[in-house]
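Colleague: Each residue of the sequence shown is one higher than the one before, counting from 15 in the working numbering.
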Amino acid sequence: MPASKASRFFERVDQREFLLCQVINGYLRYRFVLPYFRVVSRLGDGWFWYALILALPILQPENGLALALLMAATGLVCTLTYKGLKKTLIRERPFISFPDIHCGTPPLDQYSFPSGHTLHAVCFNTLLAFTAPELALIILPFTVSVALSRVVLGLHYPSDVAAGAIIGGSMGTLATYTLPGFMIFA
15 MPASKASRFF
25 ERVDQREFLL
35 CQVINGYLRY
45 RFVLPYFRVV
55 SRLGDGWFWY
65 ALILALPILQ
75 PENGLALALL
85 MAATGLVCTL
95 TYKGLKKTLI
105 RERPFISFPD
115 IHCGTPPLDQ
125 YSFPSGHTLH
135 AVCFNTLLAF
145 TAPELALIIL
155 PFTVSVALSR
165 VVLGLHYPSD
175 VAAGAIIGGS
185 MGTLATYTLP
195 GFMIFA
């Protein structure tokens, strides 16, 4: 069966990104790196975001419920988007394609492009930047850590993370400015 255009493209890109992946993944040899990024990755599975969504009505009494509903709805759209892209584009994870890349934690799904963890983290941080900037600044280090964890743990290529960030940032911006009931934040 002939390879699709997307799979041929990803094979070329994978070869170009391999050395960078290997260098970043090499940080796993430091004792504190693996436990830190495993915890960040696990929280980025959704647990951190679920807790934040539930806490928003308390943290932001004026508009927290509306923001929580916006984040929940946008999170669902993010999930459908990244799952659809992964199923369509079919990019193998770095640790599968390159035995020199070590998998630091089991993946949640089979394919790599784009990073769903990064997509959600950047989407939510973008929503917060427009609606609760002080909270967005507090959460920004976690968002960056989630994105880094994906490459450090050997689960994604840097381009997977970049694509997830671009898509997530776009979705967060679009959701903030296109859903009529939420314009009160702008």
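Note that CB positions come from ideal geometry on N, CA and C, so glycine has one too.
#1: Going by the CB atoms, is the gap between His170 and Pro108 shorter than 8 Å?
#2: Per DSSP, what kind of secondary structure is Thr119 in: helix, strand or coil?
#3: Spatial neighbours of Leu154 within its chain, please: CB distance less than 8 Å, with the 5 preceding and 5 following residues excluded, ordered by chain position.
#4: Taking the alpha-carbon positions, what's the Arg56 to Arg22 distance?
#5: Decide if the segment 117-127 is in contact with the segment 169-184; the criterion is three or more beta carbon pairs, one per stretch, under 8 Å apart.
#6: Buried or exposed for Pro128, going by 16 or more other Cβ atoms inside 10 Å?
#7: With a threshold of 7 Å on Cβ separation, who are the neighbours of Leu141 within its own chain once the five nearest residues in sequence on each side are excluded?
#8: Have a look at Leu70 and Glu25 and give me their C-alpha separation to the nearest angstrom.
#9: Quick one, which of Leu48, His116 and Thr192 has its alpha-carbon nearest Ser159's?
#10: Does Ala86 come out as helix, strand or coil in the three-state DSSP assignment?
#11: So, helix, strand or coil for Phe46, using DSSP?
#12: Do Val27 and Ser173 have their C-beta atoms closer together than 8 Å?
#13: Alpha carbon to alpha carbon, how far is His116 from Asn39? Give it in angstroms, no decimals.
Modeller: Put simply:
#1: yes
#2: coil
#3: Asn139
#4: 31 Å
#5: yes
#6: buried
#7: Leu84, Met85, Thr88, Gly186, Ala189 and Thr190
#8: 42 Å
#9: Leu48
#10: helix
#11: coil
#12: yes
#13: 7 Å
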